[in-house]
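So the structure is just underneath, and the comments pick up after that.
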Amino acid sequence: MPDIDATGGLTTAEASRLLTEHGPNRMPLPPATPWIVRLAAQMGHLFAFLFWCAAVLAFIAGMPQLGAAIIVVVVINGLFAFAQEERAQHAAEGLRRMLPRLAHVIRDGRLRDINADELVPGDVVVLAEGDRISADMSICGVTALSVDTSTLTGESVPEHPAVGETVFAGCFVLEGEARARVTATGADTRLAGIARLTAQEPSTLTPLRRELSRMSRLIAGLATAVGVCFFGLACLVGMPATDGFLFAVGVTVAVVPEGLLPTVTLSLAMGAQRMARRHALVRHLEAVQTLGSTTFICTDKTGTLTLNQMSVVQVWTAAGSVCIDGAGYAPVAAAIRGSPESRRALAPLAMASVSCSTGRVRLVDGMWTAHGDPMEAALDAFAQRVGVDTAMMAEPSVRFPFDPRRRRMSVVVDRRVFVKGAPEAIIPLCHNTSGSSAALAQLTGCGRRVLAVAGRDLEAGEGLPATAAEGEHGLELLGLIGLEDPPRDGVEAVLHTCRSAGIRVAMITGDHPHTAEAIARDVGLMTSGRALLGHELPTDLGALGELLDRDGVVVARVEPEVKLAIARALQQRGHVVAMTGDGVNDAPALREAAIGVAMGRSGTDVAREAADVVLLNDDFTTIVSAIEQGRSTFINIRRFLTYHLTDNVAELAPFLVWALSAGHFPLAIGVLQVLALDIGTDVLPALALGAEPPGPRTLQSPPVGGRLLNRSVLTRAFGVLGPVEAVIALAAFVATFAAVGWRPGLPFPVGSVVLSASGSAFAAIVFGQMANAYVCRSSRSPAWKQPVSTNPLLMVAVGVELLLLLVMLYVPPVANLLHHAGPTVVGGAVAVCAVPAVLVADALYKRLALRRK
633 MPDIDATGGL TTAEASRLLT EHGPNRMPLP PATPWIVRLA AQMGHLFAFL FWCAAVLAFI
693 AGMPQLGAAI IVVVVINGLF AFAQEERAQH AAEGLRRMLP RLAHVIRDGR LRDINADELV
753 PGDVVVLAEG DRISADMSIC GVTALSVDTS TLTGESVPEH PAVGETVFAG CFVLEGEARA
813 RVTATGADTR LAGIARLTAQ EPSTLTPLRR ELSRMSRLIA GLATAVGVCF FGLACLVGMP
873 ATDGFLFAVG VTVAVVPEGL LPTVTLSLAM GAQRMARRHA LVRHLEAVQT LGSTTFICTD
933 KTGTLTLNQM SVVQVWTAAG SVCIDGAGYA PVAAAIRGSP ESRRALAPLA MASVSCSTGR
993 VRLVDGMWTA HGDPMEAALD AFAQRVGVDT AMMAEPSVRF PFDPRRRRMS VVVDRRVFVK
1053 GAPEAIIPLC HNTSGSSAAL AQLTGCGRRV LAVAGRDLEA GEGLPATAAE GEHGLELLGL
1113 IGLEDPPRDG VEAVLHTCRS AGIRVAMITG DHPHTAEAIA RDVGLMTSGR ALLGHELPTD
1173 LGALGELLDR DGVVVARVEP EVKLAIARAL QQRGHVVAMT GDGVNDAPAL REAAIGVAMG
1233 RSGTDVAREA ADVVLLNDDF TTIVSAIEQG RSTFINIRRF LTYHLTDNVA ELAPFLVWAL
1293 SAGHFPLAIG VLQVLALDIG TDVLPALALG AEPPGPRTLQ SPPVGGRLLN RSVLTRAFGV
1353 LGPVEAVIAL AAFVATFAAV GWRPGLPFPV GSVVLSASGS AFAAIVFGQM ANAYVCRSSR
1413 SPAWKQPVST NPLLMVAVGV ELLLLLVMLY VPPVANLLHH AGPTVVGGAV AVCAVPAVLV
1473 ADALYKRLAL RRK
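Adding 632 to a residue's 1-based position in the sequence shown gives its number in my numbering.
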């Protein structure tokens, strides 16, 4: 490693050479599970085990065709599930690449932002509050640095490394600043060494995964029990054990929804992709469904409800008030209006405020943008607008970073102390406060975010302060700075949507209560009452939850502990809480909430790591869009269940009628036909339902949640749609016999008519499937009132299903394998009636259900 000046860093050429030598700064990946092992896992779960057992028994019983068909079912289903898992994994990796880790390094003598993967030993990195440390580094210069090392040590107490000490990859900067030289990257870091020694922890099951596992066990047990019962019935009516086993296997196959798990995976993956297109990055697929259950949103103000594009618009000093016209971060104001005396007081105030700031404005691609904290960048723009050359200002010799509990920070520049922070934290420390209270009330009443700036000269013989308290006393109030952050467009409409959706919204902010109230009224969040203060909230979680459990609550001057308590209190009352945050101190609340939502643009690495969802545009409306997609995903899973269970009833009915007739009524469809329905015609429409986009009424009803197999799903499948499909299939079967002269009491005909009758029943179930796919798109509207164009995949799936039906009925090798033939004219006519019968029965049920509501 070359000898590097801590202030100069590497050159681009040196960095490029070292990157080639050491490789990218990435954690070594754990040994990848071979694809063949992952594929085998998809063919070894509980459902698959049932089918493997059935296949083995079929071969033992001398029925190789059935055994082979069952194996085809398992293999095809396993291949599909494997493909969906791989697709979801690649999609998640692609989404992670959308938010690369950044590092602030000194290259070629200037500060640059680079992808943390490009860090090399010898790089000089500038660390600031909220940064994730991306490599092992030795501290070169430090100002009040506090580091969270819990990822390595498990200890929650922060450490305070000094010059010459090492900070390690994977830790977070809680506060302060430092310059550090990289000593190890990638596989050479301490974190990588620990990872190699640590076995991978099993992942915690999400509520959705637990519900799916519970339902899988339930269905598997039910299928096995029904199969055993039918085997017993077959033996009771005198059927040979081999034939009885065939019936039992057919019943088991008919009951099990083979495509459940891959369809759920596809639905979650597509939901995550759609959220990404709406600027919401989902870090865990199951978080898609949890979002749909959200009942309470605790949102920040700055950057979420507002644009986070601050500008200084009004300033108060003892000499009077000044108004500054000019939006954005350009260093030139359109106009500065105030008395000559008040305008002369602006420069000292601006210099002091910039001395306490690290955020700056930069010209990027012809546009002035904020680099660092937007509020501090606005102060830099303000200083330049009033004639201060901020590039030539002296660097602080002492810096005490912002403390959220003290609500202020301070620096020492050229033996002068400057303090910046919340007015109520600074004004009591000043001796010249006349008129400040009225000015503060006027600024906050207009919705301004207000900063107070004060200063004092160090006395002769007084040393540099060793603590903040030593410097922050006997201050002179230099002025109050009012910043404006305009509300985002569309927030008011989205808040109205939240109310329609049964979602309560509260603003949780660290701002002054008057500022918070003004913004809350502007966006329509608060219509009456006053903002609550964080330090005045009850400490008892029960009382706190009762106080906050209403829409439109605004809580100001909130500290991290209070934000965490709010999440806990609301969740104790049964709410599914989505909590937004962007700072280091927001991380505990983000982890505590059911859904932690971090800001992608302005958020810190700590907040992003703690969150389940990252907003790429920091916009409140994106949260609601993500909730809509989450609801849609959960509803899609229920759609699939309704669809598949309905078809299961139609497939099970012929076996039930045969059993109840003691074998006198012929079996309308056989085991191989059931397999053809499940693996051939049933799968694509089910997958298309899993991809159904959110409907127009998705956010016009209470949040979704609870059991996937709820009363509505079971009633529609087993009480309405399934019986209708079954009746039409059996009617088509009997009508084929009736057309050749059969009447009740006569023996059923034999020969080719039996094959045509079975083909008619098979066709009726497929036509019922087609109609069923469309009626399952909505739990409220008839199929003909739903726009077809919103889900073109369903149209394709039904078209392919019809093509498969023709192949299975009229291609001789396939038809012979399935033991059926094309339906007769009468049988086909009755089979086609399954379409209107399912559509009408569904429409009548929905109308009656709406009347009951």
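The C-beta atom is built at its ideal place from N, Cα and C for all residues, glycine as well.
Note that this is a predicted model, so its numbers are computed, not measured.
query, result
"Glycine 1122 to serine 953 span [Cα, whole Å]", "33 Å"
"For glutamine 946, the residue or residues it bridges with in DSSP", "Cys955 and Gly1114"
"Contiguous beta strand (DSSP E) assignments of at least 3 residues, all confined to the stretch 1349–1433", "none"
"Per DSSP, cross-strand counterpart(s) of threonine 874", "In DSSP, threonine 874 forms no bridge with anything."
"Beta-carbon proximity of glycine 818 to histidine 654, cut-off 9 Å", "yes"
"Delimiting residues of the beta strand (DSSP E) encompassing glycine 808", "804–816"
"Identified DSSP bridge partners for methionine 999", "Val996"
"Sheet register partners of arginine 969 (DSSP bridge)", "Cys955"
"Residues near cysteine 1408 by beta carbon distance below 7 Å, same chain, minus five either side", "Arg1271, Thr1274, Tyr1275 and Leu1321"
"Pair within 9 Å by beta-carbon distance, alanine 1084 and lysine 1052", "yes"
"Proximity winner among Thr1129, Leu1061 and Phe1050, relative to proline 1097 (alpha-carbon distances)", "Phe1050"
"Beta-carbon proximity list for alanine 760, same chain, < 6 Å, skipping 5 on both sides", "Glu809"
"Whole-angstrom distance between arginine 1479 and serine 1411, CA atom to CA atom", "10 Å"
"Where proline 834 falls, given that 16 or more other Cβ within 10 Å makes a residue buried", "Low local confidence applies: a pLDDT of 41 at proline 834 is under 50, so the model's placement there is unreliable, and no value is given."
"Beta-carbon gap between alanine 984 and glycine 1095 smaller than 9 Å", "no"
"Enclosing alpha helix (DSSP H) for asparagine 1268 [first to last residue]", "1252–1292"
"Cβ-based neighbour list, isoleucine 1059, same chain, cut-off 7 Å, excluding 5 preceding and 5 following", "Thr1065, Ser1068, Ala1084 and Leu1109"
"Nearest-angstrom Cβ-Cβ length linking proline 1325 and alanine 1429, presumed shorter than 8 Å", "Incorrect: roughly 15 Å between the Cβ atoms, too far for contact."
"Terminal residues of the beta strand (DSSP E) in which serine 778 lies", "768–780"
"Proximal residues to alanine 967 (C-beta, below 7 Å), its chain only, five neighbours per side dropped", "Asp957"
"Where the beta strand (DSSP E) containing alanine 912 begins and where it ends", "912–914"
"Extent of the continuous alpha helix (DSSP H) to which phenylalanine 1014 belongs", "1006–1017"
"Rounded straight-line distance, which links the Cα of alanine 1210 to that of valine 1229", "7 Å"
"Own chain partners of proline 1286 with C-beta closer than 6 Å, once the 5 adjacent residues on each side are dropped", "Leu1299, Ala1300 and Ile1301"
"Outcome for lysine 1417 when other beta-carbon atoms lying within 10 angstroms are tallied against a minimum of 16", "exposed"
"Rounded C-alpha distance that separates methionine 1025 from threonine 644", "28 Å"
"Strand pairing of cysteine 930, partner residues [DSSP]", "Ala1138 and Met1211"
"Arginine 813 beta carbon less than 9 Å from that of glycine 754", "yes"
"Coil, strand or helix - leucine 1165 by DSSP", "strand"
"Host beta strand (DSSP E) of valine 1049 (start-end)", "1048–1053"
"Those residues which DSSP pairs with leucine 1107 across a bridge", "Cys1062"
"Residue range of the beta strand (DSSP E) that includes isoleucine 746", "742–747"
"Span of the alpha helix (DSSP H) around glycine 1077", "1068–1077"
"Which of helix, strand or coil DSSP assigns to aspartate 1089", "strand"
"Local conformation of valine 1467 per DSSP, three classes", "helix"
"Per-residue DSSP class, three states only, for valine 1306", "helix"
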